[in-house]
Every structure is written in C-alpha cells, then in structure tokens.
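Chains as they are written, first to last, in my numbering: chain Z, 1 to 311; chain E, 312 to 602. Glycine residues also receive a C-beta, built at the ideal position from the N, C-alpha and C atoms. Written out below as structure tokens is the structure these notes cover.
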C-alpha cells in the first residue's frame, strides 16, 4: 500500500512547553487512521501541523511524497478537514457556506454539484436556511460537506463526533466507513470515543504528552487471543503475593478502582482462576476484556506496553 | 487573488453589521441637514458675526457646498470608528467565529488571504466615503442649491467660485478615502493580535485619539514626531480648498496653494499603509492558528 502521509521527528514547542515531541508515524492510502490520546496529549496540535495551521518547531511532514512546507497549496487541494467544532459563517446559508469554501478549494461550483453535496450530508432541504438556525449535528454535517466538496484524497477529522447525539455519531461512523471502503479515501480521525475508533480504524496511533506510545494495526492492538482480566478479590495483598510467585508475575498491571488487572491469554483464564482459588483467594468478580478502551487506559496510565506493534 | 477578494467582499456585504455604518452616516448627515434646513439662517448669522461689519455678502452662504464642508469636518472625526468596525474585525472576527482555521486549511497562500481581506476592507472604506459624498455633497446640493463656497480659516476668509468647487471636493474625497484606508490598515493590523473584535476596535480608536492629540498639541517635544504621525496628515484634504492668487490678489481658478503638501501627506499615508499591511502579512505568515 502506498504511504500517503509520512511524519518524522515532528516537534512543536510553545515557549518552554513541548506539545509534540519527536513524533513519527505514517499513514497508508486507504487507511482509516485513528489518532488517540488523552486531553492535552498533542493530537490537535499534530493535526493542525498536518493542515499547516501550526508551524512545526522541528521535523518533516510529507503528503503524497511531497514536503508540506514547500508544496502547501497543491497538497491542500487534496485534503479536506473538520477541526473540532464545525464553525462556519453563521450569517450565511448552508448553500452559501458550501459554495464559498468550494471556491476557496479551487473548484468550479455548479448548483447541481453543491446541492448534491448537501443531499449527501442530509441538508438539501435546509440548503437556503441561515446556519445560525442549525443544530450542532447539522453544523457538523455541513462541516463534513465542506470538507468533502472538492473530492479530496485525504480527509482529516479532529473530534468529528463532538456534541453529536448517538444517531449523529452513528452517521459519522457510517460516513467514514463509506469514504474508506467505497470511495477509497484515506481518513485520519481523532476522537476520545474509543469504541467509535475501534469500530472504524484500520490503524491506530496512541500518543501521550506529545510522544508516540503505540502505532499499529487495530487488529494487532486489540488481540482477540489476549485479554485483560479484571478481578475483585477478598484480599488484594495476599493475591498480589501469590501472583508474584506465579508464572503470571510479569503480566500483572497497575490496579484500577480497587481491582486487580492481569494481561493473560484467554486459554489460561481457567487455570489462573483455579490457582487463585486453591491458594485461598476468594474471587467476587472476574471479567475478561480486550477492547481498545482497556488497551488505551493501559498504555496511557501504566505504559508497560510501549512500542510498535506489527501489522 | 481576485476570486478570494470576491469571496471576502461577499462576506463583508452579507453581514448586517456592514450596513450599520451606512445607516449611521445617513442618520448623521440627515440630522445635520435637517438642523441647517430648519435653523440655517441663525447658524449663518452666527458664523458671519465677526465679519458682518466689514463684509457685505451677496448670494447664499448656506449652500450645498458649504453644508458639505461642515459635514466633512464633523464626520471625518467619527468615520474612523465605522471603518474600524469592519477592518479591525477582519481577522479577529474570523478567529472568534472559529472560521479562521477552516479558511486556513484551504489551498490559498496566507499572503493572498491577508491581501484579499485588506483590499475588501479598503473597498468598504471607499464605498463608505462615496456614500458620504452622495449624502453630504450631492444631496446637500439638491436640497440647498449651489453658490460660491465661503470658508473661514483661522486668520482669513476663502471664497471659492461656484464653478471651481466641485473638482476640489472630488480631490478632497479621494484624499479622505486615502486617510481612511490608513485607518483601515491600522485596524486590520491590530486585528491580528486578538481573538475578538472589541479589543482591536478600541485599540484602533485609542491610537487615533492619542495620535490626534499629539498632532494638535503645540509642544516642542511632540512637534518632533508630528510630521511622522498619520493623524497629522489625515486633515490635508482641506488643502484642496486653498488656492493661489495672482498679483491683483484674485483667485487663480483651478489652482491649489500648496500641492506639495498634499503629495507629501499622501506619500506619508501610503508609507503607513504599506507598513501596517506589510507587518500584518509578515505576522500572519508565521502565526500559529490556535483558535
């Protein structure tokens, strides 16, 4: 697969604060690239550097094999973006906003093209209404319409589900899947809704305090064979001692909300359970998880599993 | 660039705020005209009080040309606020609305974006001046008629022949437009430093007020910097109404007493515009869009 975005050694400093620190990653054509991190991790700063809103302090960004700083105009013709809130001109109608940004994107606009785009995002009936009267979800859909109107190859969505109701979130998810699968677009999406990213991303990057923690394919990160076992036990200290002497001693994770966490293979769970019980530890609850949220919390809190996963 | 300018003009003239200035000008000029229509004779008597014993005046002092001069003197003090309402909002308003970041992700150079925005605010300024000319000059000519223009300077009186007045107004309005574009450039520059419109609008007016005070106070320290302040040169439009006289002390039709002063003032205003806009471009090219 062709590498469409290549970022190397990207750093951004605001005074003495380093928002992004030597970040390197790449995105392949057709990827839905999930960009994850806690608030203040540096996601938005990185995305803004990809869109030339912020100038990097160090490092290189290449899109379509071209350096961004010297080919800004031609690269941005192939990029559509929604950055955080979908802010548009509130005193203009949806149609006027779309037309204005389409012209700025360098395409010739026709009424049919614009109405077709509004139809796609479900705003055709409100095309000539002033945006001031729109709900948050409608503004978000208009923002996406603006991002897509010039038929870009790369779509950058920074927190696209912010402020949306469940139906709106599902619509955005379906749209991203449609863009990726049907139109073969490359989508870079950041979100704090991990279950949404889990459902759509083909590759995932997790950053914390501006540094890369993990980059890899979603399927490798969310290993179906590997689980996080969450246990509520009668005596945590005693359980800790028993586990420290067991074959799982290196797989113990930091406790969360008074529960023990162990990274374990699914097939080992019965034996693990029996071992604790035979050593006199009463188990009140036992839950096996292997979703992205658990994984994300592990790497951003404990950081035991830092590295690059294989595809 | 042309495409972008069209878009900026479209945005400016789609905002209701833009028409506030035109409405304010219409109301202000209307009030002045109404006042002079109703009580004009008392006003003219008051103006002529010092000269009544030594002058015998034929014709209408209170004609359209005179009214327009009064309007221009009064309005050009207040018009900068109306200019700042739009120019100082060009960048800060977009940052405040959140549209600046979307705008900056489009394949347009930052220099082109700044120039298009500045040109749009300049066109708005020129249109506002044209509106003042229509309301203040043409409408006054229609209501009050025309005659020679009688002007009182600090130590002398100027009477401009009726046939020699109109082109002087054309020149004065062109110069006033240049002065107001300088104000627009200042407001435009200041709009880069804030993410709401109020700050740059207040800052623009503050700079103009302070500079005007420095320009008018006759203190040796301030006299050194006066020639470099743009506010000193904003009132040079009045030079269009001073003419040369021949040996018989008669007015030379079509002449200007001190054309070099007009050229010099225009040059200094152009330098200010260049500096303000140039600084804005330099800042914007490096600005991180964090809004």
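Counting only Cβ pairs nearer than 8 Å, list the residues of chain Z close to residue 318/E. 100, 103, 104
Have a look at 126/Z, 230/Z, 284/Z and flag the residue whose alpha-carbon is nearest the alpha-carbon of residue 254/Z. 230/Z
Does the Cβ-Cβ distance between residue 470/E and residue 436/E come in under 9 Å? no
Where in the stretch 7-90 of chain Z do unbroken runs of the beta strand (DSSP E), each at least 3 residues long, occur, reported from the N-terminal end onward? 17-28, 32-36, 58-63, 79-83
Please work out which residues of its chain come closer than 6 Å, Cβ to Cβ, to residue 210/Z, disregarding the five sequence neighbours upstream and downstream, and give them in chain order. 18, 19, 20, 21, 42
Contact set between residue 54/Z and chain E, taken where Cβ atoms lie within less than 9 Å: 599, 600, 601
Go ahead and label residue 374/E buried or exposed: buried means 16 or more other beta carbons lie within 10 angstroms of its beta carbon, across all protein chains shown. buried
Excluding the 5 residues preceding and the 5 following residue 322/E in the sequence, name in chain order all residues of the same chain whose CB lies nearer than 7 Å to its CB. none
If you draw a straight line from the alpha carbon of residue 485/E to that of residue 108/Z, how long is it in whole angstroms? 37 Å
Output, in sequence order along the chain, the residues in the stretch 402-419 of chain E whose CB is closer than 8 Å to any CB in chain Z. 408, 409, 410, 412, 413, 414, 415, 416, 417, 418, 419
Using a beta-carbon distance below 9 Å, is residue 89/Z in contact with chain E? yes
Contacts around residue 427/E, its chain only, beta-carbon distance under 7 Å, and the 5 residues preceding and following it disregarded: 312, 315, 316, 319
Quick check: residue 91/Z and residue 188/Z, are their CB atoms within less than 9 Å of each other? no
Opposite residue 208/Z in the DSSP bridges: which residues? 211/Z
Using beta carbons (cut-off 9 Å, strictly below), is residue 314/E in contact with chain Z? yes
Within its chain, find whatever has a CB closer than 6 Å to the CB of residue 369/Z; leave out the 5 residues flanking it on each side and keep chain order. Nothing about residue 369/Z can be read from this structure; chain Z reaches only from 1 to 311.
Per DSSP, residue 556/E forms a beta bridge with which residues? 562/E
By the three-class DSSP mapping on this structure, what secondary structure does residue 265/Z have? strand
Close-in-space but distant-in-sequence residues of the same chain around residue 176/Z (CB under 7 Å, 5 per side omitted): 32, 187, 189, 200
Per DSSP, residue 189/Z forms a beta bridge with which residues? 34/Z, 157/Z
Kindly list the residues whose CB is nearer than 6 Å to the CB of residue 79/Z, restricted to its own chain and excluding five residues on each side of it in sequence; keep chain order. 152, 154
Excluding the 5 residues flanking residue 249/Z on each side, which residues of the same chain have their C-beta closer than 7 Å to its C-beta? 243
If you reduce the DSSP assignment to three classes, tell me which class residue 227/Z lands in. strand
Nearest to residue 246/Z by alpha carbon, out of 267/Z, 234/Z, 129/Z, 275/Z? 275/Z
Which same chain residues, not among the five before or five after residue 602/E, have their C-beta less than 7 Å away from its C-beta? 406, 409, 411, 412, 506
Please state if the CB of residue 504/E and the CB of residue 587/E are separated by a distance shorter than 9 Å. no
Strictly under 9 Å for the Cβ-Cβ distance: is residue 326/E near chain Z by that measure? yes
Counting only runs that start and end within the stretch 418-457 of chain E, where is the alpha helix (DSSP H) found for 4 or more residues in a row? 421-443, 450-455
Where does residue 327/E land, buried or exposed, given buried means 16+ other C-beta within 10 angstroms? exposed
Tell me whether the stretch 49-61 of chain Z and the stretch 3-17 of chain Z touch, counting them as touching only if at least three CB pairs, one residue from each stretch, are closer than 8 Å. yes
Candidates 141/Z, 104/Z, 106/Z, of which the one nearest residue 122/Z by Cα: 141/Z
Kindly indicate which three-state DSSP category residue 152/Z falls into: helix, strand or coil? coil
Can you have a look at residue 159/Z and say buried or exposed, based on whether 16 or more other CB atoms are within 10 angstroms of its CB? buried
So residue 111/Z is in the alpha helix (DSSP H); what residue range does that whole segment cover? 111-120
Where does residue 601/E sit, in a helix, a strand or coil, going by DSSP? coil
Residues, ordered as in the chain, of the stretch 41-52 of chain Z that lie near chain E by beta-carbon distance below 8 Å: 48, 51, 52
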